[in-house]
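Residue numbers (this note's numbering): 10 to 361. These notes are about the structure you will find just below.
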Amino acid sequence: MRIRRTLPVLIVVLAIAAAVVAIVQLRKRAPPEAARLLPGADGFFYANLRWIRTFNATNQLPPVSRDPDYQKFVEETGFQFERDLEEAAFAVHYPESWGGTGGSAPEPRFSEVFVAKIDNAKLTAYLKKIASSIDNYKGFDIYSIPLEERTVRVVVLSYDTVAVSNHPDENVIRGILDRSRKLASPFGGPQFLRQYYKTVPFASLAWAILRVDPSHASSLTGVSGWSLLFPKPAVLVVSGRYIRALHLRAEAFTDSEDDARDITDKAGTFLSLFHSAEVSIGNQGPDVDVRAFFDSLKVERSGNRAILTAIVPPGFIKKVLTEAPPEQQAPAEAAKPAPKVPSKPAGKTRKP
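Put into structure tokens, the structure is as follows:
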């Protein structure tokens, strides 16, 4: 009789434990909450500055130069991006003419969610000061700020979270606010984000998921030549995580194995050029960190995916960010006084 009584209780306890484990596993593979608040878009970017600072990666960065507008922002809000920002999630909206989610905008627009250490009173006072209008939506103030012929909308979601969007549709920022009021769910977030986030390596400090259309990529990035590497549209997933060194991974998801093979072959050609550059550097003076980086560059194909991986040693990062370029060193060399050449004493030259 005692066994009959305890068996149902044991089953319930095991069922609850299994459900908890399942939820924990789902949350591990779900996009970060800041990214799940974002609207549907054509690209996403996320960086966890809190963990990046934990690995002291920001100590390698050069000091931030402040223009007058940013300096005024810091003085009035007490907020510094380089010090107080902990998480940043971006959504990229391509123009409707590209087949994207940007609506009537002629160029890409962006929506962001920032998690940071915020002085809400100072930030709210600053937003009220620069806003052209304030829209109250479900008890929250949405500040409309004119900037470069666009309207930037800002809303403070909580004591440590702020949402920003310059999408022409005001419902985009309202949608972010609505999602922030709901119970966080591992199944939440835009479908495109959830579909490809599962390919992001665990514990990545930063990642990006982007639709790549070679006909418009140069307009988005300002860099030409995308059509050389991506002859057809693809989805690019880039990530970086720190395991004693920075591990970079870029995956291009294509429509067919032939497209992936084409990208792999072209990337392999570029890698050959990189290795040639490494050999040239080695002839001038071998560098352990530089050589380790070039040796780690690898490209491979897996089905309809082209995969590029690289390992960036901490020393290489430090050299790239802190060493002065040659053109900055040239004036210092020129400033050095020329060595004096002893002059001949005055007088007649004696013939031998």
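For every residue, glycine included, the Cβ atom is placed at its ideal position computed from N, Cα and C.
Can you find the residues in the same chain that come closer than 8 angstroms, C-beta to C-beta, to residue i, ignoring five residues on each side of it along the sequence?
i: Ala276; result: Leu238, Val308, Ala315 and Leu317
i: Trp235; result: Val221, Pro223, Ala226 and Ser227
i: Leu186; result: Tyr146, Lys147, Phe149, Ile151, Val164, Leu166 and Ala172
i: Ala217; result: Gly52, Phe53, Phe54, Tyr55, Leu245, Val246, Val247 and Ser248
On the DSSP bridge assignment, give the partners of residue i in chain order.
i: His7; result: As shown, the chain starts at 10 and ends at 361. That puts residue 7 outside it, with no answer to give.
i: Trp216; result: Tyr55 and Ser248
i: His225; result: Note: His225 sits in no beta bridge, so no partner.
i: Lys307; result: Thr318
i: Ala262; result: A small correction: the amino acid at residue 262 is Phe; Ala does not occupy that position in the sequence shown. Phe262 pairs with Val244 and Arg314.
i: Pro48; result: Per DSSP, none; premise fails for Pro48.
i: Pro155; result: Thr160
i: Asp144; result: Ile151
i: Val165; result: Val171
Tell me whether residue i is buried or exposed, calling it buried when 16 or more other Cβ atoms sit within 10 Å of its Cβ.
i: Val329; result: exposed
i: Glu260; result: buried
i: Tyr205; result: buried
i: Gln80; result: exposed
i: Ser174; result: buried
i: Ser120; result: buried
i: Ala333; result: Because Ala333 carries a pLDDT of 45, less than 50, the predicted location of this residue cannot be relied on, and no value is offered for it.
i: Leu47; result: buried
i: Leu282; result: exposed
Quick one: Cα of residue i to Cα of residue j, how far?
i: Ser213; j: Arg159; result: 33 angstroms
i: Ala142; j: Val163; result: Residue identity check: residue 142 is Ser in the sequence provided, not Ala. Going by the C-alpha atoms only, they are around 11 angstroms apart.
i: Val299; j: Phe279; result: 17 angstroms
i: Tyr103; j: Ile326; result: 32 angstroms
i: Val285; j: Arg270; result: Residue 285 is actually Ser in this sequence, not Val. Those two C-alpha atoms are separated by around 23 angstroms.
i: Thr263; j: Glu91; result: 36 angstroms
i: Val244; j: Arg220; result: 5 angstroms
i: Val171; j: Asp274; result: 43 angstroms
i: Tyr152; j: Val247; result: 33 angstroms
i: Pro41; j: Trp60; result: 13 angstroms
i: Glu179; j: Leu306; result: 44 angstroms
i: Pro115; j: Asp51; result: 15 angstroms
i: Asn129; j: Ser167; result: 9 angstroms
i: His176; j: Lys138; result: 22 angstroms
i: Val161; j: Asp296; result: 47 angstroms
i: Tyr146; j: Arg190; result: 12 angstroms
i: Arg188; j: Pro323; result: 39 angstroms
i: Tyr135; j: Asp78; result: 13 angstroms
i: Glu157; j: Asp76; result: 17 angstroms
i: Gln34; j: Val83; result: With a pLDDT of 47 at Gln34, under the threshold of 50, the modelled position of that residue is not reliable, and the figure given next carries that caveat. So the alpha carbons of these two residues sit roughly 40 angstroms apart.
i: Asp144; j: Glu95; result: 27 angstroms
i: Phe211; j: Asp169; result: 25 angstroms
i: Arg62; j: Gly184; result: 31 angstroms
i: Asp304; j: Ser74; result: 34 angstroms
Among residues of its own chain, excluding the 5 on either side of residue i, which ones have a beta-carbon nearer than 7 angstroms to its beta-carbon?
i: Val321; result: Ala254, Leu255, Leu257 and Phe302
i: Pro117; result: Val101, His102, Tyr103, Pro104, Gly111 and Leu229
i: Lys131; result: Glu85, Thr86 and Gly87
i: Ala44; result: Phe53, Tyr55, Ala98, Gly198 and Leu202
i: Trp107; result: Asp222 and His225
i: Thr208; result: Val246 and Glu260
i: Glu266; result: Gly312 and Asn313
i: Gly109; result: Asp51, His102 and Tyr103
Enumerate in chain order the residues of its own chain whose CB-to-CB distance from residue i is below 6 angstroms, with the five nearest sequence positions on each side excluded.
i: Asp268; result: Lys241
i: Lys126; result: Asp93
i: Ala97; result: Ala56 and Phe123
i: Pro199; result: Gly49
i: Pro155; result: Ser141
i: Ile3; result: Since the displayed the chain opens at 10 and closes at 361, residue 3 lies outside it and no answer follows.
i: Ala215; result: Ala56 and Gly249
i: Ile272; result: Ala261 and Ala315
i: Ala319; result: Leu257, Ser305 and Leu306
- Inside the stretch 167 to 193 only - beta strand (DSSP E) runs reaching at least 3 residues: Correct list: 170 to 174.
- Jot down the residue ranges of each uninterrupted beta strand (DSSP E) in the stretch 76 to 137, minimum 3 residues, whole runs only, in chain order. 94 to 102 and 118 to 125
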